[in-house]
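2 protein chains.
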Amino acid sequence: MENVKEERDTCRCNVIHSDIVDKVKAEMPAEERLAQMAELFKVFGDFTRVKIICALLDEEMCVCDIASLLDMSQSAISHQLRVLRHARLVKYRREGRVVYYSLDDEHVKNIFGQSLLHVSHR
Amino acid sequence: MENVKEERDTCRCNVIHSDIVDKVKAEMPAEERLAQMAELFKVFGDFTRVKIICALLDEEMCVCDIASLLDMSQSAISHQLRVLRHARLVKYRREGRVVYYSLDDEHVKNIFGQSLLHVSHR
DNA sequence: TATACATATGAATATATGTTCATATGTAGG
DNA sequence: CCTACATATGAACATATATTCATATGTATA
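Those protein sequences? They're chains A and B, same order as listed.
For the first sequence, our numbering assigns the number 2 to the initial residue and increments by one for each residue that follows.
For the second sequence, our numbering assigns the number 2 to the initial residue and increments by one for each residue that follows.
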């Protein structure tokens, strides 16, 4: 039968389909990859950062441009750009006093495209 | 010139490329869409939920299966499944006492595929 | 070198969120 | 009906995180 009693600390259910569990466990990506994916989505999962990324999909922009576009403080934008920088999603170049940011990733466009489709699709 | 002084509450910078800002503003998706995207990514942006979704990419599973797979409490899994339910990312069917969950979305596979590529790619 | 300006950053605060614990709900079987 | 079991849920707690405020850093220019 497929109902096998397993002794685990956390789950004392009797109805465990251990064959399914084992199969899925074998096919799942490595824990580290999954953790990295969660981190990536966490970076995407903020309204301000979504707007910044969408803006940078089209154009390179300086910090002030972005602050103006989103009607937010320079400080708030700068903090968020640091998050995006640390996630290596944006790159920047300095031109005098002005720092220009742009996207540094090939996959972001696809991911955001799919996501836009998703939220538009209902 | 492109340096135009704009009076805004939040940004008092002098170097605003207002042509760029206007262009990007015109091309950006609607605020509501961007907010929905952020919400979607927020749901994806948790290690536990990433693991649940990845598991359900392959197989339909009951709550207990998932708890066993992730070695977490039934309660924790149930709470997270509720989040996924409210985001309409999973559907469920009841069979006696057991509730089986599966993915309820076409785009998730693509988004997760791209993201896995992304994190594997460096 | 003194000032102005664009950006970065540390600390503080407020808010959001994930897990645990206890318990409720719903269903099958004796 | 009473028990067992799978799942759901509310409250509490701990932790993470986004913005603000004040200030530091770095660069150009008078």
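The C-beta atom is built at its ideal place from N, Cα and C for all residues, glycine as well.
Treat the numbers as computed from the prediction; the structure is a model and nothing was measured.
Which word fits residue 27/A, buried or exposed, when buried means at least 16 other C-beta atoms lie within 10 angstroms of its C-beta?
So residue 27/A counts as exposed.
What does residue 63/A pair with, by DSSP beta-bridge criteria?
101/A
Using a Cβ-Cβ cut-off of 8 Å (strictly less than) and excluding sequence neighbours within five positions of residue 44/B, which residues of its own chain qualify?
50, 84, 85, 88, 90
Less than 8 Å between C-beta atoms, sequence neighbours within five positions excluded: which residues of the same chain meet that for residue 31/B?
none
Measure from the C-beta of residue 65/B to each C-beta in chain A and report whether the shortest distance is under 7 Å.
Output row for residue 65/B: interface = yes.
Among 108/B, 79/B, 42/B, which one has its Cα closest to the Cα of residue 123/A?
Residue nearest to residue 123/A within the set 108/B, 79/B, 42/B is 108/B (criterion: CA-CA distance).
Using a C-beta cutoff of 7 Å, does residue 87/B count as contacting chain A?
Residue 87/B does not count as touching chain A.
Along the beta strand (DSSP E) that carries residue 94/A, what are the first and last residues, could you check?
91-96
Go through its chain and collect everything with a Cβ distance to residue 29/B's Cβ below 8 Å, but skip five positions before and after it.
For residue 29/B, where only same-chain residues beyond five positions count, the Cβ hits under 8 Å are 35.
The ligand PLP and residue 55/B: does the residue's C-beta get closer than 6 Å to at least one heavy atom of that ligand?
Among the components modelled here there is no ligand, and therefore nothing to report on the ligand PLP.
Between the alpha carbons of residue 74/B and residue 95/A, how many angstroms are there, rounded?
50 Å
I'd like to know whether the C-beta of residue 60/A is nearer than 7 Å to at least one C-beta of chain B.
yes
Under 8 Å: do the segment 96-107 of chain B and the segment 100-107 of chain A share three or more Cβ pairs, one atom per stretch?
no
Contact defined as beta carbons within less than 8 Å: I believe residue 116/A pairs with residue 41/B. What is the distance between those atoms, to the nearest angstrom?
6 Å
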